[in-house]
Amino acid sequence: MLQKVEISNRENGWRLDKFATEVVPNSFSRTQIQDYIKSGYVLVNSTIRKPSYKIKTGDIIEFNIPEEPEQIKILPEPLELDIIYEDNSLLVVNKPAGMIVHPTGNKKSGTLVNALLYHYDEIQNTGKKHRPGIVHRLDKETSGAIVVAKNDQIHEELSLQFKKRLVKKQYLALVDGIIKHEGTIKYGLKRHPVNRLKMKVSEYGKKSETHFKRIRTFGDVASMVIVMPKTGRTHQIRLHMKEFGHPVIGDKLYAKTKANRILSPDRHMLHALTLSFIHPVKDIRISFTASVPEDMIEMIKALIKLERNS
187 MLQKVEISNR ENGWRLDKFA TEVVPNSFSR TQIQDYIKSG YVLVNSTIRK
237 PSYKIKTGDI IEFNIPEEPE QIKILPEPLE LDIIYEDNSL LVVNKPAGMI
287 VHPTGNKKSG TLVNALLYHY DEIQNTGKKH RPGIVHRLDK ETSGAIVVAK
337 NDQIHEELSL QFKKRLVKKQ YLALVDGIIK HEGTIKYGLK RHPVNRLKMK
387 VSEYGKKSET HFKRIRTFGD VASMVIVMPK TGRTHQIRLH MKEFGHPVIG
437 DKLYAKTKAN RILSPDRHML HALTLSFIHP VKDIRISFTA SVPEDMIEMI
487 KALIKLERNS
């Protein structure tokens, strides 16, 4: 569905998602429409806006969504899961690098959700249909801790904690060059206008904030840092570090680094190390640590060896 519509006086002040429901076929739910808006399939004057954006007379709304909503049938798969914690309400998983969190149009198998449905069929109706149980996401090549809800109430309460920024996250990252001891990075982020797989820094983008603390250096080649994102934007840590002058080692999407040329890592060296939130049932803050994967340990060893030989 490719269509451009100019807003008249009648629709002035409407929410964007409300107007979109008037235009797209009835087979789409409002939630699906909101997801399309967030993903950039519905633009206002060639710009991505929130579903709650109030449209104005003269705005040009561009629709570029499928004629019918894509129905992805998610099949359970007997994939191994590294469970950090589990109870009747939720579980925390150490996601391996290379695994996508949920199926997409191009990737329908081998995801975390496929594995979850095999081991926990009770989550199939939890949260959104195309990503049951999933409260938050990690990039495909980012390893580490991710929490999964087992029912709708837990999903709703955990989602609210993320929205209110009550969830505390720490990432372990290996970055290019010698970064300063600690600091805060603040850059607005928005979807790249040409490459939809990427984000870009923009003063008009969503406010984003990342704190970091250096743990050690490896000669003049790299630094190990603990990264604490205050917000949770797509690719936030990777893009913030790149714009700060110290891209994550192995990040092929955003930067070519000295360490990349020397060590040729298979993926970006970013790991969701700790995750802390208030348990929705127990009403106490609980914290979890995801063990560092072997490929990252080997990269650290290689950097130490490189430092000694320099």
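Residue 496, in the numbering used here, is where the sequence shown stops; the numbers in between run on with no holes.
Every residue gets a Cβ at the ideal spot worked out from N, C-alpha and C, and that includes glycine.
Only a predicted model underlies this, so the values are computations on that prediction, with no experimental measurement involved.
Q. Is it true that the CB of A301 sits closer than 8 Å to the CB of P479?
A. Within the sequence shown, residue 479 is the residue found at index 293, counting from 1. Within the sequence shown, residue 301 is the residue found at index 115, counting from 1. For P479 and A301, no; Cβs fall outside 8 Å.
Q: Return no unless some Cβ of chain C is closer than 8 Å to the Cβ of L461.
A: Chain labels in this structure do not include chain C; a single protein chain is all it has.
(Q) Less than 6 Å between C-beta atoms, sequence neighbours within five positions excluded: which residues of the same chain meet that for R453? (A) As a position in the sequence shown, residue 453 is number 267, starting the count at 1. Answer for R453: A283, E327 and G436, listed in chain order.
**Q.** Reduced DSSP category for E266 - H, G, I as helix; E, B as strand; rest coil
**A.** One-based indexing of the sequence shown puts residue 266 at position 80. Three-state result, E266: coil.
Q. Counting pairs of Cβ atoms below 8 Å between the region 393-401 and the region 369-376, do you hit three or more?
A. By the C-beta criterion, the region 393-401 is judged to be in contact with the region 369-376, since at least 3 inter-stretch pairs fall below 8 Å.
Q. Taking I401 as the reference, which of F474, L383, I486 and L439 has the closest Cα?
A. Taking the first residue of the sequence shown as 1, we reach residue 401 at position 215. Nearest option by C-alpha distance: I486.
Q. How many whole angstroms separate the CB atoms of I320 and V279, which I take to be in contact at a CB cut-off of 8 Å?
A. Residue 320 sits at position 134 when you count from the first residue of the sequence shown. Residue 279 sits at position 93 when you count from the first residue of the sequence shown. Actually they are not in contact, since the Cβ atoms of I320 and V279 sit about 10 Å apart, beyond 8 Å.
Q) How long is the line joining the alpha carbons of L456 and S329, rounded to whole angstroms? A) In the sequence shown, the residue the question calls residue 456 occupies position 270. In the sequence shown, the residue the question calls residue 329 occupies position 143. Here the alpha carbons of S329 and L456 stand approximately 7 Å from one another.
Q: Run through the region 300-353 for me and flag every whole beta strand (DSSP E) of 3 or more residues, listed as ranges in chain order.
A: Within the region 300-353, complete beta strand (DSSP E) segments of at least 3 residues are found at 329-335, given in chain order.
Q.
In the DSSP output, which residue or residues are listed as bridge partners for S473?
A. Mapped onto the sequence shown, residue 473 falls at position 287. Looking at the DSSP assignment, S473 forms a beta bridge with S462.
Q.
Along the chain, where does the alpha helix (DSSP H) containing T217 start, and where does it finish?
A. Position 31 of the sequence shown, counted from the first residue, corresponds to residue 217. Its alpha helix (DSSP H) spans residues R216 to K224.
**Q.** D362 (DSSP reduced to helix, strand or coil)
**A.** Sequence index remark: in the sequence shown, residue 362 carries index 176 (1-based). Looking at D362 - three-state DSSP - the assignment turns out to be strand.
(Q) Which complete beta strand (DSSP E) runs does the region 365-453 hold, if anything under 3 residues is left out? (A) Considered as a whole, the region 365-453 harbours 368-372, 375-377, 385-387, 395-404 and 408-415 as its complete beta strand (DSSP E) runs of no fewer than 3 residues, in chain order.
Q: Within 10 angstroms of the Cβ of G296, are there 16 or more other Cβ atoms? Answer buried if so, exposed if not.
A: In the sequence shown, residue 296 corresponds to position 110, counting from 1. G296 counts as exposed, since fewer than 16 other beta carbons sit within 10 angstroms of its beta carbon.
(Q) By alpha-carbon positions, which one of R216, P237 and P252 ends up nearest to G199? (A) Within the sequence shown, the letter at position 13 stands for residue 199. Selected option, being the one with the closest Cα: P237.
**Q.** Euclidean distance between Cα positions of K444 and E389
**A.** For the purposes of this step, residue 444 is identified with residue 258 of the sequence shown, where counting begins at 1. For the purposes of this step, residue 389 is identified with residue 203 of the sequence shown, where counting begins at 1. If you take the alpha carbons of K444 and E389, they lie about 29 Å apart.
(Q) Whether or not the region 310-318 and the region 356-364 are in contact is what I'm after, with contact meaning three or more pairs of Cβ atoms, one per stretch, closer than 8 Å; do they touch? (A) Output reads no: the region 310-318 does not touch the region 356-364.
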